[in-house]
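Residue 16 is where the sequence shown starts when you use this note's numbering, and the numbers rise one by one after that.
Report on the structure given below.
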Amino acid sequence: MDPDHQGIHGKNQRTTGELLDISTLQKKINRKLNMNRAKNIVFFIGDGMNLATIFAARMALGGEEKKVSFEEFPYTGLAKTYCVDAQVPLGDCKAGLDPATHVDSISKWALDAGKSAGLVTTTAVTDASPAAGYAHIADRLWENDFIVRESGCDPKIVKDIARQLIHGPVGSRLSVIMGGGRGHFRDATMRDEEGGYGYRNDSRDLINEWLYDGKSNKYYVWNRKDLLNLPANTERVLGLFEKDHMQYYLESQARRTQSTEPTLEEMTRVGIDILKKNKNGFFLFVEGGKIDLAHHDNLARTAVGEATELHKAVKAAREMLSEEDTLIVVTADHAHAMDISGYPTRGNDIFGEVDRDVAKDGMPYMTLSYTTGTEFSDQVSATGGRVNPNNFDYRKWSSYFPFYVPMDSATHAGDDVAVYASGPFAHLFEGTMEQSNLPYLMAYAACIGGGPKKDCPKVYFQEKEST
């Protein structure tokens with residue numbers, strides 16, 4: 016239990032609570048706006064991380080009174096997540112093939128300003144969210160040339176996402192690329208380091224094309240050991256740790272494969288170490304991408320495990336970088352339809368049953384559940400009613416949590432998502448925003464990109480010389 020919060024039966028609960036309230040008030044009163052120019056920007060995405068996921072992560076970290084690392088940030092807002100043609104978004108809602116409708120990414124803005132840029136994700140590096148930083152494509156699934164051809168297009172004309180990452184005008188300039196998706200970079204006749212075959216159909220090995228392009232101090236790695244032992248002079252890294260998406264953190268623990276795959280925190284630390292060598296600063300995109308994938312399969316425990324891994328990565332970034340010259344923004348691309356229900360007592364297991372209530376069918380019910388989901392046959396009894404939750408072991412990473420509407424996959428939700436900001440011009444990230452505002456706000460803080468620059472900050476924070 017947090018020493019500042021004695022339990023609900025604590026002797027000095029009221030006094031402690033009042034002191035904390037006063038302390039919070041004083042912090043807000045004394046807070047000064049950081050008007051420095053942002054030298055660095057780290058943009059964290061918890062894919063599908065709705066507020067219920069954040070609450071559950073708090074519980075997993077120790078209880079209701081705990082905070083995940085980014086909840087300590089001084090500024091918080093909300094971002095609307097509707098799409099150009101939908102109330103509830105998909106991850107690729109603004110994909111388009113027409114060059115006239117293409118927009119530049121903040122990664123490009125940073126590179127054009129002389130900064131370094133990179134991406135870190137637990138999904139394939141060609142997945143929709145990371146690809147938005149470097150690719151223009153009509154379909155998020157066109158991750159390799161075979162899929163482009165299967166869709167009726169000519170891959171010689173329509174360049175797949177993996178090819179754009181290696182040879183595109185933005186992707187080819189990225190200094191840090193880490194995640195999964197090895198299969199999209201090699202031909203189907205080629206075996207990778209773990210025995211799997213590639214997906215391509217053009218006889219190309221894009222990994223070798225990246226590695227042997229004539230530039231020095233660059234390294235390709237495919238396992239945790241090699242990543243954590245990169246030479247000190249490394250300027251560029253391509254880390255592809257799985258044929259497809261990386262494993263869930265809890266899955267890697269259960270399978271005892273955590274020694275072969277780096278964590279999101281480890282990838283973030285290595286990425287920052289490489290990027291900060293640029294005196295002009297950097298932009299780094301970091302995604303906890305498998306929060307979303309776990310929610311799609313109703314794997315609540317696993318989704319929350321991925322969120323706590325994001326918490327660790329954000330904490331690491333704050334430890335490594337100065338709040339004076341580094342803007343850190345944490346948000347989600349969309350919400351998910353996982354909710355917290357009932358009236359469980361304080362301290363009740365967030366992954367367990369509501370401890371002091373039963374439903375009208377006489378059975379207990381889970382605190383966490385979904386509106387939509389898959390594996391419907393497991394949820395319904397022979398008589399058409401609910402299956403008793405006691406029939407399931409919810410302690411496993413692979414355990415499905417209850418849902419109500421059968422679907423092929425649990426759906427996204429249309430809730431606004433939280434935005435947390437720390438560092439230069441973090442005060443811009445307040446109130447309810449259009450999601451498309453975020454890159455412009457970040458760019459303004461760093462004085463880069465195509466937005467207004469008339470009044471943007473002109474100088475970086477200057478550390479006082481020691482006397």
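Virtual Cβ for every residue (Gly too), placed ideally from N, Cα, C.
I343 and F58 have their C-alpha atoms some 6 Å from each other.
Taking the Cα positions, A309 is about 9 Å away from A425. Per the Cβ contact rule, the region 359 to 368 is not in contact with the region 441 to 453 (fewer than 3 Cβ pairs under 8 Å). Residue environment analysis places A315 among the buried positions, since at least 16 neighbouring C-beta atoms fall within 10 angstroms of its C-beta. Sorting S396, K305 and K327 by C-alpha distance to the C-alpha of A318 places K305 at the top. In the DSSP assignment, P421 falls within the unbroken beta strand (DSSP E) covering F418 to P421. Pairing K42 with A153, the inter-Cα distance amounts to about 47 Å.
The continuous alpha helix (DSSP H) containing T323 extends over residues A315 to M335.
Taking the C-beta atoms as reference points, V301 is found no nearer than 7 Å to A331. The Cβ atoms of Y149 and A441 do not sit closer than 7 Å to each other.
Check the Cα spacing between G254 and each of N295, P472, I289 and I192: the tightest is with I192. Contact check between the region 56 to 70 and the region 340 to 359: three or more CB pairs, one atom from each, fall below 8 Å, which counts as touching.
Under the three-state reduction of DSSP, K233 is assigned to strand.
For D100 and G229, the gap between their C-alpha atoms comes out near 44 Å. Taking the C-beta atoms as reference points, Y435 is found no nearer than 7 Å to F161. With 16 or more other Cβ atoms inside 10 Å of its own Cβ, H326 counts as buried.
Taking all protein chains shown into account, E33 has fewer than 16 neighbouring C-beta atoms within 10 Å of its C-beta and is therefore exposed. By a beta-carbon distance limit of 8 Å, L299 contacts G133. Their separation comes to about 5 Å.
Taking 7 Å as the cut-off, the Cβ atoms of P439 and N51 count as close. For V285, the uninterrupted alpha helix (DSSP H) segment begins and ends at L279 to L290. Between N403 and Y380, the alpha-carbon positions lie close to 8 Å from each other. Under the three-state reduction of DSSP, V163 is assigned to helix.
Restricting attention to V432, I287 and D169, the CA atom closest to the CA of I69 is found in V432. In this structure, the straight-line span from the alpha carbon of T141 to that of A177 is close to 6 Å. Here DSSP, grouped into helix, strand and coil, assigns D348 to coil. Sequence-distant Cβ neighbours of T323 in its own chain, meaning closer than 7 Å and more than five residues away, are A72, A75 and L76. Taking C-beta atoms under 8 Å as the contact rule, R333 and P277 fail to qualify, at a distance of about 19 Å. Residues D354, S356, F416, P417 and F418 of the same chain have their beta carbon placed closer than 7 Å to that of S384, with the five preceding and five following residues left out of the count. Around the beta carbon of H199, 16 or more other beta carbons lie within 10 angstroms, which makes this residue buried.
Cβ neighbours of D119 within its own chain (closer than 8 Å, five residues either side excluded): G464 and G465. Among the bridge pairs identified by DSSP, K258 is matched with none. A straight-line Cα-Cα distance of about 20 Å links S414 and G303. Restricting attention to alpha helix (DSSP H) runs no shorter than 4 residues, the region 92 to 137 encloses them at 121 to 127, ordered along the chain. When secondary structure is reduced to three states using DSSP, A139 falls in the strand class.
Annotation: A458 to D127 spans about 12 Å, alpha carbon to alpha carbon. Around the beta carbon of F85, 16 or more other beta carbons sit within 10 angstroms, so the residue counts as buried.
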